[in-house]
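Those protein sequences? They're chains X and W, same order as listed. Residues 7 to 457, numbered by our numbering, are exactly what the first sequence covers, in order. Residues 7 to 457, numbered by our numbering, are exactly what the second sequence covers, in order. C-beta: ideal position from N, C-alpha, C; glycine also.
2 protein chains.
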Amino acid sequence: MSITHEDIALVLSAALHNDQLDEALDALKGLRPVDIADALELVAPEQAWRLLERLPGRAEIYAYFDADEQVRLAREFPRATLARLVGEMPADERTDLFKRLDPKQQNELLPALAQAEREDIRRLSSYEEGTAGALMTSDYAMLKPGMTVAQALASLRHEAPDAETIYQSYVIDDERRLLGVVSLRDLILAHPDKTIDQLMIADVVSGEVGEDQEDIAKRITRYDLLALPITDQMGCLVGIVTYDDAMDVASEEATDDFHKSAGVTTSVGNLKDATIGLLYRKRVFWLVLLVFGNLFSGAGIAHFEDIIAANLVLVFFLPLLVDSGGNAGSQSSTLMVRAMATGEVVMKDWFKLLGREATVALLLGCTMAAAVSLLGYIRGDSLVALVLALSMVSIVMVGCVIGMSLPFVLSKFNLDPASASAPLITSVCDASGVVVYLYIASQILPGMSMG
Amino acid sequence: MSITHEDIALVLSAALHNDQLDEALDALKGLRPVDIADALELVAPEQAWRLLERLPGRAEIYAYFDADEQVRLAREFPRATLARLVGEMPADERTDLFKRLDPKQQNELLPALAQAEREDIRRLSSYEEGTAGALMTSDYAMLKPGMTVAQALASLRHEAPDAETIYQSYVIDDERRLLGVVSLRDLILAHPDKTIDQLMIADVVSGEVGEDQEDIAKRITRYDLLALPITDQMGCLVGIVTYDDAMDVASEEATDDFHKSAGVTTSVGNLKDATIGLLYRKRVFWLVLLVFGNLFSGAGIAHFEDIIAANLVLVFFLPLLVDSGGNAGSQSSTLMVRAMATGEVVMKDWFKLLGREATVALLLGCTMAAAVSLLGYIRGDSLVALVLALSMVSIVMVGCVIGMSLPFVLSKFNLDPASASAPLITSVCDASGVVVYLYIASQILPGMSMG
């Protein structure tokens with residue numbers, strides 16, 4: 007299974023350099039479309055194009071190219087060839103490509119397409135990004151309720167080359183209202199004379215065009231579906247979302263949440279291809295916000311300047327105590343954000359979870375307090391050890407409760423809970439940690455002598 | 007689509023309390039197996055069991071229960087009933103359940119099962135957790151190369167009730183060696199007299215029993231497969247992994263990596279059901295390690311005690327500078343860990359990415375330096391502002407380079423890159439940040455006067 011696309015690309019480049027097109031095509035023989043796409047992405051666009059032109063199933067190969075690479079290649083194609091290729095692509099991939107072309111390319115391409123394809127692109131591209139409508143394809147298999155099983159199978163044989171899946175067929179009436187679903191498995195098991203309305207499952211799990219793609223993906227996973235039919239507000243079938251697209255959405259959303267957890271504002275796409283400017287823009291927000299968040303910690307420190315001057319040993323432990331709250335809080339928020347994203351935990355669980363989190367935080371805080379007071383005793387004295395222990399327990403508890411609550415609060419205000427990122431938690435815990443630590447110190451330690 | 011399982015569970019409990027079993031069963035009519043399972047999980051085990059006994063498709067419903075709930079219910083079942091239920095479950099779910107029972111329950115159950123089921127459980131449970139073998143099912147459809155299409159369809163009609171999918175059939179010889187794969191789509195399109203060896207795709211994408219389940223899931227996603235055949239070392243077919251199991255693996259692995267990113271050592275499973283003890287154990291490791299990591303920061307601070315005493319203003323900015331390195335480093339490592347997990351980035355990209363990361367870090371550092379030096383000038387003077395600016399740039403760059411490199415280093419030593427968690431990065435950046443900051447301060451600021 008260890009295909010190295012680099013090796014293949016080297017062979018391709020050498021063959022193409024010597025104009026040995028057949029040899030290059032030979033090197034790609036037996037490879038699967040996604041592997042061919044990966045190899046072709048490594049050669050120059052105009053050479054990739056020369057090969058693609060001659061490969062069987064080129065629309066499928068082309069559909070596997072990276073989005074950016076598709077657009078780059080599209081510039082190389084003569085207009086008629088591009089139109090033919092685009093015509094052969096699955097409806098959802100075709101629409102995605104079309105939306106990425108610049109207006110000039112779009113205007114050149116449209117007249118070269120068949121009428122049906124043009125309308126399909128217009129319709130599919132009208133849905134907002136991130137909704138079921140933008141994810142779905144219009145290449146699905148339809149049946150009528152009055153058909154016999156034999157007629158249905160004949161109809162599927164006819165539709166098979168175009169439909170994304172014929173394993174699930176959707177039963178619609180004359181107004182395209184979704185009546186039911188029937189699987190190919192049930193069709194081949196049924197008596198040929200039975201009618202579709204006898205065989206179909208009428209209570210279909212479906213989605214609406216305007217729904218969030220994340221909810222669509224979750225429904226497909228929950229019910230282990232091959233495809234989810236999508237209807238408009240009138241209940242008419244307008245497309246399907248297939249399981250493989252749902253897998254891609256789930257993976258994208260996980261990456262998104264992952265990035266947000268570290269304070270990267272939105273997904274940067276494929277990290278390898280991300281530009282310096284993009285990475286900078288996506289990362290700078292929280293980092294700079296944190297700097298200004300420090301105004302509060304700084305004010306706290308300024309307020310307790312005397313106690314610090316009198317007990318410089320406090321400074322040794324300042325980074326540790328401040329970090330501990332942030333670390334414990336990040337753990338809490340990460341557990342919560344992920345549980346909310348997978349749907350394990352919902353709003354009304356908050357109160358129950360808060361009680362448990364407080365207990366866990368108390369235990370974690372006590373353990374860390376034991377460790378830090380040992381260090382404090384070695385470097386300071388028993389009073390310093392006491393200050394550290396009390397501060398650690400309080401700071402960890404505050405951090406955990408903030409970390410656990412913030413995702414719920416954000417969600418309450420219809421914000422993405424994943425924005426409760428490590429840097430945000432750190433900023434909030436910093437300020438509270440400094441104040442708690444120095445306040446406790448000021449109550450226990452002498453103010454003016456050196457302890 | 008908004009089924010509230012709580013409402014259904016309330017209706018169920020009320021009906022069961024009055025011994026109105028038919029009414030309870032009515033409430034579940036029309037619901038899908040996974041929804042019934044969710045509702046039944048909310049009523050008492052012995053009541054859930056009374057209903058389950060009377061429901062059609064109960065093995066499928068039971069398979070959707072949480073793992074813990076399955077085991078809890080299994081204790082309620084009379085042995086013969088449990089055996090019948092287990093016999094009806096898909097092979098992979100059955101094995102998972104069996105492995106979770108305690109030895110006494112296992113020994114009671116085994117004799118009550120049919121011979122074939124017993125052997126299937128023994129064989130499937132012999133594979134190590136986390137491998138393809140532990141994930142696969144033995145319920146797949148097989149064909150012989152000499153069969154005609156008509157014979158193959160007849161055979162599939164016969165196998166359909168047991169196989170997890172008949173949309174992909176696997177062609178094997180008499181020694182069970184995997185020869186090819188044929189889709190139901192191709193079968194129903196082909197002439198009935200054609201033979202399977204003419205129709206099958208001989209170059210099958212497959213996996214080996216010992217492979218990591220994550221690699222299996224990635225392959226299924228990459229090639230958009232419905233199922234991946236799994237072979238032993240001899241190339242003999244021993245099972246298949248279906249796309250829905252691959253989706254579950256991908257989601258689990260993402261959760262795992264997510265938790266690790268916050269220093270939660272391994273997955274805690276379903277957060278809602280996690281006990282206090284489990285949460286404590288999984289979270290305490292990195293938090294306590296961080297406390298001891300502070301020995302280094304503390305030593306750094308102790309070394310520069312004089313410069314701090316002479317310039318107390320330095321303390322105001324200590325938490326900020328230390329956090330900034332950790333935050334920027336966490337961003338780098340999170341981006342990298344996720345890119346490595348999805349396979350976007352591999353080892354040999356390291357050098358190229360390092361150069362880009364250093365540039366991004368320089369830009370981020372300069373922006374943050376501008377912000378912090380403004381604060382430094384307001385609270386201190388221009389020398390303090392200079393110290394802060396230089397420190398910030400250095401600390402952010404060190405943090406980013408550490409954050410980016412650590413996942414690669416861990417992977418080089420065959421450790422999980424996801425262990426490069428925020429707390430670890432924080433610990434490392436703490437110590438280096440303190441030293442960098444105070445060293446720069448000691449070079450620029452006067453040692454004994456108050457600046």
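Minimum Cβ-Cβ distance from residue i to chain W less than 8 angstroms
i: T5 of chain X; result: Since the first residue of chain X shown is 7 and the last is 457, residue 5 of chain X is not available in this structure.
i: V440 of chain X; result: yes
i: Q337 of chain X; result: yes
i: N333 of chain X; result: yes
i: L389 of chain X; result: no
i: D145 of chain X; result: no
i: S455 of chain X; result: Per-residue confidence for S455 of chain X stands at a pLDDT of 45, beneath the threshold of 50, marking its modelled position as unreliable; the derived number appears in the next sentence. For S455 of chain X, the answer is no, since every Cβ of chain W falls outside 8 angstroms of its Cβ.
i: I307 of chain X; result: yes
i: S411 of chain X; result: no
i: F357 of chain X; result: no
i: G36 of chain X; result: yes
i: H11 of chain X; result: no
i: N317 of chain X; result: no
i: K200 of chain X; result: no
Proximity test, Cβ basis, 8 angstroms: residue i and chain X
i: V393 of chain W; result: no
i: G269 of chain W; result: yes
i: D98 of chain W; result: no
i: I314 of chain W; result: yes
i: P117 of chain W; result: no
i: L79 of chain W; result: no
i: H23 of chain W; result: no
i: M148 of chain W; result: no
i: G304 of chain W; result: yes
i: L107 of chain W; result: no
i: M142 of chain W; result: no
i: S19 of chain W; result: no
i: M253 of chain W; result: yes
With 16 other Cβ atoms within 10 Å as the buried cut-off, status of residue i
i: I207 of chain X; result: exposed
i: C435 of chain X; result: buried
i: E12 of chain W; result: exposed
i: M7 of chain W; result: Here the model assigns M7 of chain W a pLDDT of 43, short of 50, so the residue's position is not dependable, and the following value carries that caveat. Exposed, since its Cβ has fewer than 16 Cβ neighbours within 10 Å.
i: P423 of chain X; result: buried
i: N113 of chain W; result: exposed
i: I14 of chain W; result: buried
i: K224 of chain W; result: buried
i: A391 of chain W; result: buried
i: T281 of chain X; result: exposed
i: N420 of chain W; result: exposed
i: A160 of chain W; result: exposed
Integer Cβ distance of residue i from residue j, believed to fall under 8 angstroms
i: L451 of chain W; j: I313 of chain W; result: 6 angstroms
i: S448 of chain W; j: M398 of chain W; result: About 17 angstroms; that fails the 8 angstroms criterion.
i: A377 of chain W; j: V294 of chain X; result: 6 angstroms
i: Q111 of chain W; j: A80 of chain W; result: 7 angstroms
i: V393 of chain W; j: I446 of chain W; result: 6 angstroms
C-beta contact flag for residue i and residue j at 8 angstroms
i: L301 of chain X; j: S433 of chain X; result: no
i: D263 of chain X; j: V343 of chain X; result: yes
i: V471 of chain X; j: I401 of chain X; result: Since the displayed chain X opens at 7 and closes at 457, residue 471 of chain X lies outside it and no answer follows.
i: P413 of chain X; j: S339 of chain X; result: yes
i: A118 of chain X; j: R85 of chain X; result: yes
i: S438 of chain X; j: V404 of chain X; result: yes
i: S539 of chain X; j: Q204 of chain X; result: Limits of chain X in this structure are 7 at one end and 457 at the other, which puts residue 539 of chain X out of reach.
i: A233 of chain W; j: V247 of chain W; result: yes
i: L91 of chain X; j: F83 of chain X; result: yes
i: D230 of chain X; j: D250 of chain W; result: yes
i: R163 of chain W; j: L243 of chain W; result: no
Proximity test, residue i beta-carbon vs the ligand PLP heavy atom, cut-off 7 angstroms
i: I446 of chain W; result: The ligand PLP is not among the ligands present in this structure, which contains no ligands whatsoever.
Which residue spans inside the stretch 396-444 of chain X form an unbroken alpha helix (DSSP H) run of at least 4?
-> List check, alpha helix (DSSP H) in window: nothing returned.
In chain order, each alpha helix (DSSP H) run of at least 4 residues that lies wholly inside the stretch 248-319 of chain X = Whole alpha helix (DSSP H) segments, 4+ residues: 249-267, 282-309, 311-316.
Uninterrupted beta strand (DSSP E) stretches inside the stretch 137-194 of chain X (no shorter than 3 residues) | If we require 3 residues or more, the beta strand (DSSP E) runs fully inside the stretch 137-194 of chain X come out as 147-149, 174-178, 184-189.
Which ranges does the alpha helix (DSSP H) cover as unbroken runs of at least 4 residues, wholly within the stretch 102-130 of chain W, from first to last along the chain?
-> Qualifying alpha helix (DSSP H) stretches, in chain order: 109-115, 121-130.
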